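Asks:
Residue numbers (the UniProt record's numbering): 1 to 231.
1. Going by other Cβ atoms of all chains shown within 10 Å of its Cβ, with 16 needed for buried, is residue 111 buried or exposed?
2. If you measure between the beta carbons of residue 153 and residue 220, is that distance less than 8 Å?
3. Closest to residue 215 by C-alpha separation, out of 156, 25, 125, would be which residue?
4. Using the C-alpha atoms, what's the distance from residue 36 back to residue 124?
5. Three Cβ pairs or more, each shorter than 8 Å: is that satisfied between the stretch 97-108 and the stretch 59-74?
6. I need the straight-line Cα distance from residue 271 to residue 86, nearest angstrom please.
7. What number of angstroms, rounded off, separates the C-alpha of residue 33 from the C-alpha of residue 204?
8. From residue 180 to residue 174, what distance separates their C-alpha atoms?
9. Name the residue from 49, 62, 217, 120 whose alpha carbon lies nearest to the alpha carbon of residue 30.
10. Is DSSP giving residue 132 helix, strand or coil here?
11. Quick one: measure Cβ to Cβ for residue 90 and residue 72, integer angstroms, because I've assumed they're closer than 8 Å.
12. Could you give the C-beta distance for residue 182 and residue 206, rounded to a whole number, given that I count them as a contact under 8 Å?
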(Lines of atoms letter the chains of each structure in order from A and count residues from 1; the text may use other names and numbers.)
(Lines give C-alpha, C1' and ligand atoms only; values in the text may rest on other atoms or scores of the structure.)
Protein backbone atom coordinates (compact mmCIF):
# COMPACT_ATOMS: atom_id res chain seq x y z
CA UNK A 1 0.00 0.00 0.00
CA UNK A 2 2.87 2.36 0.69
CA UNK A 3 3.87 2.08 -3.01
CA UNK A 4 0.35 2.61 -4.29
CA UNK A 5 -0.36 5.56 -2.01
CA UNK A 6 1.80 8.63 -1.71
CA UNK A 7 3.30 9.70 1.65
CA UNK A 8 0.55 12.25 2.31
CA UNK A 9 -2.18 9.77 1.41
CA UNK A 10 -0.69 7.03 3.57
CA UNK A 11 -0.40 9.50 6.43
CA UNK A 12 -4.13 10.24 6.18
CA UNK A 13 -4.99 6.52 6.17
CA UNK A 14 -2.77 5.80 9.17
CA UNK A 15 -4.22 8.73 11.11
CA UNK A 16 -7.77 7.63 10.32
CA UNK A 17 -7.07 4.12 11.58
CA UNK A 18 -5.57 5.56 14.75
CA UNK A 19 -8.50 7.90 15.31
CA UNK A 20 -11.10 5.20 14.62
CA UNK A 21 -9.36 2.70 16.92
CA UNK A 22 -9.23 5.03 19.90
CA UNK A 23 -12.70 6.42 19.24
CA UNK A 24 -14.17 2.91 19.30
CA UNK A 25 -12.11 1.72 22.26
CA UNK A 26 -13.05 4.72 24.42
CA UNK A 27 -16.72 4.62 23.39
CA UNK A 28 -17.16 0.89 24.12
CA UNK A 29 -17.34 0.86 27.97
CA UNK A 30 -19.81 3.76 28.28
CA UNK A 31 -21.67 2.39 25.26
CA UNK A 32 -22.23 -0.97 26.97
CA UNK A 33 -23.33 0.74 30.19
CA UNK A 34 -25.76 3.11 28.46
CA UNK A 35 -27.16 0.32 26.29
CA UNK A 36 -27.76 -1.85 29.36
CA UNK A 37 -29.40 1.04 31.21
CA UNK A 38 -31.73 1.78 28.30
CA UNK A 39 -32.58 -1.90 27.80
CA UNK A 40 -33.06 -3.03 31.39
CA UNK A 41 -33.71 -0.03 33.64
CA UNK A 42 -36.72 2.24 33.93
CA UNK A 43 -36.01 5.59 35.54
CA UNK A 44 -37.01 9.26 35.27
CA UNK A 45 -35.29 10.74 32.24
CA UNK A 46 -35.13 7.44 30.35
CA UNK A 47 -36.58 9.01 27.21
CA UNK A 48 -34.33 12.05 27.62
CA UNK A 49 -31.20 9.88 27.84
CA UNK A 50 -32.31 7.95 24.77
CA UNK A 51 -32.80 11.22 22.91
CA UNK A 52 -29.39 12.57 23.93
CA UNK A 53 -27.68 9.36 22.84
CA UNK A 54 -29.24 9.57 19.38
CA UNK A 55 -28.84 13.34 19.03
CA UNK A 56 -25.63 13.11 16.94
CA UNK A 57 -27.57 11.14 14.32
CA UNK A 58 -30.15 13.93 14.01
CA UNK A 59 -28.03 17.05 14.33
CA UNK A 60 -25.93 18.19 11.38
CA UNK A 61 -22.36 16.98 12.03
CA UNK A 62 -21.12 20.56 11.74
CA UNK A 63 -23.31 21.50 14.72
CA UNK A 64 -21.81 18.69 16.79
CA UNK A 65 -18.32 19.83 15.84
CA UNK A 66 -19.14 23.43 16.73
CA UNK A 67 -20.50 22.41 20.14
CA UNK A 68 -17.33 20.41 20.78
CA UNK A 69 -15.23 23.40 19.78
CA UNK A 70 -17.16 25.70 22.12
CA UNK A 71 -16.78 23.17 24.95
CA UNK A 72 -13.17 22.03 24.56
CA UNK A 73 -11.56 25.09 23.03
CA UNK A 74 -8.68 26.51 25.13
CA UNK A 75 -10.83 29.63 25.47
CA UNK A 76 -13.67 27.67 27.10
CA UNK A 77 -13.58 26.97 30.87
CA UNK A 78 -13.52 23.17 30.47
CA UNK A 79 -10.98 23.27 27.65
CA UNK A 80 -8.75 25.61 29.63
CA UNK A 81 -8.94 23.37 32.71
CA UNK A 82 -8.07 20.28 30.68
CA UNK A 83 -5.19 22.08 28.99
CA UNK A 84 -3.65 22.80 32.38
CA UNK A 85 -3.36 19.06 33.04
CA UNK A 86 -2.02 18.35 29.56
CA UNK A 87 -5.23 17.21 27.85
CA UNK A 88 -5.94 19.10 24.61
CA UNK A 89 -8.63 18.21 22.08
CA UNK A 90 -9.12 21.22 19.83
CA UNK A 91 -7.06 21.03 16.62
CA UNK A 92 -5.39 17.78 17.72
CA UNK A 93 -5.84 14.16 16.62
CA UNK A 94 -7.28 13.44 20.05
CA UNK A 95 -10.09 15.85 19.22
CA UNK A 96 -10.70 13.98 15.98
CA UNK A 97 -11.03 10.77 18.00
CA UNK A 98 -13.44 12.48 20.40
CA UNK A 99 -15.61 13.81 17.57
CA UNK A 100 -15.58 10.48 15.75
CA UNK A 101 -16.44 8.61 18.96
CA UNK A 102 -19.41 10.87 19.66
CA UNK A 103 -20.73 10.53 16.11
CA UNK A 104 -20.34 6.72 16.24
CA UNK A 105 -21.79 6.36 19.76
CA UNK A 106 -25.47 6.06 18.72
CA UNK A 107 -24.72 3.18 16.33
CA UNK A 108 -22.72 1.42 19.01
CA UNK A 109 -25.40 1.82 21.68
CA UNK A 110 -28.26 0.79 19.41
CA UNK A 111 -26.59 -2.43 18.29
CA UNK A 112 -25.72 -3.42 21.86
CA UNK A 113 -29.13 -2.42 23.20
CA UNK A 114 -30.96 -4.58 20.66
CA UNK A 115 -28.70 -7.49 21.57
CA UNK A 116 -29.39 -7.05 25.29
CA UNK A 117 -33.13 -6.81 24.72
CA UNK A 118 -32.97 -10.12 22.84
CA UNK A 119 -31.66 -11.88 25.96
CA UNK A 120 -34.45 -13.57 27.92
CA UNK A 121 -34.75 -11.70 31.26
CA UNK A 122 -35.82 -14.96 32.90
CA UNK A 123 -32.26 -16.24 32.57
CA UNK A 124 -30.98 -13.24 34.51
CA UNK A 125 -33.78 -13.55 37.06
CA UNK A 126 -33.01 -17.23 37.62
CA UNK A 127 -29.39 -16.46 38.37
CA UNK A 128 -30.41 -13.62 40.69
CA UNK A 129 -32.74 -15.91 42.67
CA UNK A 130 -29.77 -18.21 43.28
CA UNK A 131 -28.01 -15.37 45.04
CA UNK A 132 -25.74 -14.13 42.27
CA UNK A 133 -24.97 -10.38 42.47
CA UNK A 134 -26.34 -8.26 39.63
CA UNK A 135 -22.87 -7.46 38.30
CA UNK A 136 -21.93 -11.15 38.30
CA UNK A 137 -25.16 -12.00 36.45
CA UNK A 138 -24.22 -9.42 33.84
CA UNK A 139 -20.68 -10.80 33.43
CA UNK A 140 -21.62 -14.49 33.27
CA UNK A 141 -24.98 -14.43 31.47
CA UNK A 142 -25.87 -11.13 29.81
CA UNK A 143 -22.45 -10.21 28.47
CA UNK A 144 -21.67 -13.56 26.76
CA UNK A 145 -25.12 -13.65 25.14
CA UNK A 146 -24.82 -10.08 23.89
CA UNK A 147 -21.26 -10.45 22.64
CA UNK A 148 -22.30 -10.71 18.97
CA UNK A 149 -24.14 -7.40 19.29
CA UNK A 150 -21.18 -5.80 21.02
CA UNK A 151 -18.85 -6.95 18.25
CA UNK A 152 -21.23 -5.76 15.55
CA UNK A 153 -21.66 -2.40 17.31
CA UNK A 154 -17.92 -1.94 17.74
CA UNK A 155 -17.23 -2.70 14.08
CA UNK A 156 -19.98 -0.34 12.92
CA UNK A 157 -18.65 2.35 15.24
CA UNK A 158 -15.14 1.84 13.86
CA UNK A 159 -16.37 2.16 10.29
CA UNK A 160 -18.40 5.26 11.16
CA UNK A 161 -15.39 6.81 12.92
CA UNK A 162 -13.23 6.13 9.87
CA UNK A 163 -15.66 8.04 7.68
CA UNK A 164 -16.52 10.95 9.97
CA UNK A 165 -16.00 14.31 8.31
CA UNK A 166 -18.32 17.16 9.32
CA UNK A 167 -17.82 17.17 13.08
CA UNK A 168 -14.12 16.41 12.75
CA UNK A 169 -13.21 19.15 10.31
CA UNK A 170 -15.23 21.69 12.32
CA UNK A 171 -13.62 20.74 15.62
CA UNK A 172 -10.01 20.02 14.66
CA UNK A 173 -9.75 21.56 11.17
CA UNK A 174 -7.81 19.90 8.32
CA UNK A 175 -4.15 20.10 9.30
CA UNK A 176 -1.86 17.84 7.22
CA UNK A 177 -0.10 15.26 9.37
CA UNK A 178 -2.04 16.22 12.48
CA UNK A 179 -5.80 16.17 11.91
CA UNK A 180 -6.17 15.35 8.20
CA UNK A 181 -8.07 12.08 8.29
CA UNK A 182 -9.18 10.05 5.27
CA UNK A 183 -12.38 12.01 4.50
CA UNK A 184 -10.61 15.33 5.06
CA UNK A 185 -7.81 14.28 2.72
CA UNK A 186 -10.31 13.31 0.01
CA UNK A 187 -11.97 16.71 0.36
CA UNK A 188 -8.61 18.50 0.25
CA UNK A 189 -7.43 16.63 -2.86
CA UNK A 190 -10.66 17.47 -4.67
CA UNK A 191 -10.03 21.17 -4.08
CA UNK A 192 -6.75 21.27 -6.01
CA UNK A 193 -6.16 20.74 -9.74
CA UNK A 194 -4.88 17.24 -10.50
CA UNK A 195 -5.87 15.85 -7.13
CA UNK A 196 -8.60 13.60 -8.50
CA UNK A 197 -6.29 10.60 -8.74
CA UNK A 198 -5.24 10.78 -5.10
CA UNK A 199 -8.85 11.32 -4.06
CA UNK A 200 -9.95 8.25 -6.03
CA UNK A 201 -7.28 6.09 -4.42
CA UNK A 202 -8.43 7.19 -0.97
CA UNK A 203 -12.05 6.56 -1.91
CA UNK A 204 -11.11 2.99 -2.87
CA UNK A 205 -9.31 2.59 0.46
CA UNK A 206 -12.42 3.86 2.27
CA UNK A 207 -14.66 1.41 0.46
CA UNK A 208 -12.23 -1.44 1.16
CA UNK A 209 -12.03 -0.64 4.87
CA UNK A 210 -15.81 -0.35 5.18
CA UNK A 211 -16.46 -3.66 3.40
CA UNK A 212 -13.74 -5.40 5.41
CA UNK A 213 -15.24 -4.09 8.64
CA UNK A 214 -18.68 -5.42 7.74
CA UNK A 215 -17.31 -8.82 6.72
CA UNK A 216 -15.20 -9.17 9.86
CA UNK A 217 -18.19 -8.15 11.99
CA UNK A 218 -20.37 -10.80 10.38
CA UNK A 219 -17.75 -13.54 10.71
CA UNK A 220 -16.97 -12.76 14.33
CA UNK A 221 -20.63 -12.51 15.26
CA UNK A 222 -21.36 -15.93 13.72
CA UNK A 223 -18.39 -17.50 15.47
CA UNK A 224 -19.42 -16.10 18.84
CA UNK A 225 -23.01 -17.21 18.35
CA UNK A 226 -21.86 -20.77 17.66
CA UNK A 227 -19.65 -20.72 20.72
CA UNK A 228 -22.43 -19.40 22.94
CA UNK A 229 -24.84 -22.01 21.57
CA UNK A 230 -22.28 -24.71 22.35
CA UNK A 231 -21.88 -25.88 18.79
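Glycine included, each C-beta is placed from N, C-alpha and C at the ideal position.
The structure displayed is predicted, hence computed values, not measured ones.
Replies: Taking the definition as stated:
1. buried
2. no
3. 156
4. 13 Å
5. yes
6. The chain is shown from 1 up to 231; residue 271 falls before or after that span and cannot be answered.
7. 35 Å
8. 5 Å
9. 49
10. coil
11. 5 Å
12. 6 Å
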